[in-house]
Every structure is written in structure tokens, then in C-alpha cells.
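Residue numbers (our numbering): 519 to 808.
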């Protein structure tokens, strides 16, 4: 009977305070939509970042004096390094073909000889493509033979990591601000509901009702408001992605689409959590003062 009463009071509380509840749901909806868009863009950004990192490669040029057997030994040693995904060997003839494809001229016809060195393209696992990890791998390769000529785009990778770090900080800060705003709004609505029923709460205390029994309906009320806001926000993100982007911006849709399905349950769960959290804080604060 007590449980039924608590649940009933939680639902009826929204109906009794329709305007504050509606305002909280609407504002929470817009806040969660904004948060959902940021989450979708962030997840897609990190997917693209991993893809770019997966294409990062180190070029290792072997000395002309090294024998073919030594070059193969170098290749095997590099492949065994932690963080290396694969090593592609480029012979002198292959290097000449690549030169011809890129510049449209045969280097042997130009110079009479093929001066291009043998080399290896070292592909890295995405999580090892950061500047710090790359320095460790480069040092390990250089330890094989100081005569090896090792090259990679250090400036580009550093800029990539700096931009990724900045984007992560901005996204996290925005998410935290939106979450705080949602908690405050839910708490404000619950406080209005509590103040409108002060006499009822006093009566319940006089008859010996426990604090959890008094606060439970308001916590349920906040959870329902957050759940509705999260559900509507997920629906809005779905319509925005599957209707507008798919129809008018298919290129952007292809980039964002894999992340949207992760965002839907996240928004519903986050809305419910923020609703519960905000209402719990408000109820506890009131009961301590009462």
C-alpha cells in the first residue's frame, strides 16, 4: 500500500503542478537536445580522430650500404615493436614506380640511375599515434641502427593532439554546464511542488512518516520529468538526423549517423538521472530546514 501511494503521489504531483513541470520538461528538453548534439559531434569527432591516427605512418629509409638481409632484419624488428600495426617494405624499384606515378617522369631516364633508397612504411595502432607514443617508437627504431633515416609529420600530429585536447575540454565544460542547469531547473520545480504542499508534509511528519516516505513522491516526480525530457530529446535528435540530415546533408549524415544510436539511450538515462538527482537535493534541503 505504501509503495502504491508513493508512486501515485509522484505521478499526481506533476498533474497538480502542471505549469512548473511543463516548464522544466521543456527547458530540460532543449538542454538535453543541445547536450545530445554535442555528444553526437564529439563521438563522431573521436571516430574521425581514430581513423586519422590509424593512417599515421612513419617512413624509415635504409642506408644503401645495408644488405637485403639486414633490411629484412630491420623490418622484422620494427614489426615486433609495441604499437606497430604493420610494416610495408618499399624497394628501390617500387620507389621509382611511386615517383613516376606522382611526378609523371621516370627518374632513371632523368638521372640515368635510380638514387631512391629502400624504405619501409610503418603503420601504427591508433592509440599509439600520439606524439609521446611516437617518440618512444621512433627511439626504438633508431636504436636498431643510428644510420636509419626516420621521418614523420611531427608538426601535424602535435596540432592534431592539441586540437583534440581543446575540443575535449570545451565539450566537457559545455556538458557539465548543461547538466548543472538541468539539475537546478528540476530542483526548482520540485521546490515549488514542496512549498505548495507544506501543510501536507507537516501532517505526515506529525503522524510519524519517515523522511524517505515523504521525499519519495518528489524524487519520482523529478525522475519522470527527466525521463520525459530525455525521451523527447532523443526523438528530436532522431528526427534531425534521420529526416533532415539524411535528406539534405547526406555527407554529414554518414559521419554522424554511427554515433546517434549511442546518444539515444544516453539522453534518456541522463535525463532520468539528472531528474532524480535534482529532486533529491531539493527534498533533502527542505526536510533539513523543516
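Glycine included, C-beta positions come from ideal geometry on N, C-alpha and C.
For clarity, every value in this text was computed on a predicted model and none was experimentally measured.
- By the Cβ rule, the region 575-583 does not count as touching the region 794-802, because fewer than three pairs are nearer than 8 Å.
- DSSP, reduced to helix, strand and coil, places residue 579 within a strand of the structure shown.
- Residue pairing by DSSP puts residue 640 in a beta bridge opposite 576, 605.
- Apart from sequence neighbours up to five positions away, the residues of its chain that approach residue 560 with a beta-carbon distance below 6 Å are 689, ordered along the chain.
- For residue 668, the enclosing beta strand (DSSP E) starts and ends at 667-669.
- Taking C-alpha positions only, residue 686 is separated from residue 655 by approximately 26 Å.
- In this structure residue 546 does not touch residue 676 by the C-beta definition: roughly 40 Å separates them, more than the 8 Å allowed.
- Residue 601 places its beta carbon 7 Å or farther from that of residue 653.
- A distance below 7 Å between beta-carbons, with the five flanking residues on each side excluded, links residue 745 to the following residues of its chain, in chain order: 786, 789, 790, 793.
- Your pair residue 637 and residue 605 does not check out as a contact, with CB atoms roughly 10 Å apart and the cut at 8 Å.
- Look at residue 544 here: in three-state DSSP terms it is helix.
- Sequence-distant Cβ neighbours of residue 750 in its own chain, meaning closer than 6 Å and more than five residues away, are 547.
- Secondary structure at residue 630: coil, using DSSP grouped into helix, strand and coil.
- With a cutoff of 7 Å on beta-carbon distance, residue 550 and residue 747 are scored as near each other.
- In this structure, DSSP gives residue 725 a state outside helix and strand, which the three-state scheme calls coil.
- One thing to note: residue 780 has its Cβ no nearer than 7 Å to the Cβ of residue 771.
- Within the model, the alpha-carbon separation for residue 537 versus residue 720 is close to 24 Å.
- The alpha carbon of residue 590 has as its nearest neighbour, out of 735, 678, 662, 752, the alpha carbon of 662.
- Within 10 angstroms of the beta-carbon of residue 725 lie fewer than 16 other beta-carbons, which makes it exposed.
- The three-state secondary structure of residue 568, taken from DSSP, is helix.
- In the DSSP assignment, residue 646 falls outside any alpha helix (DSSP H) and carries neither an H nor an E.
- The shortest C-alpha to C-alpha distance from residue 796 to any of 555, 629, 737 is the one to 737.
- Residue 680 has its alpha-carbon roughly 37 Å from the corresponding atom of residue 622.
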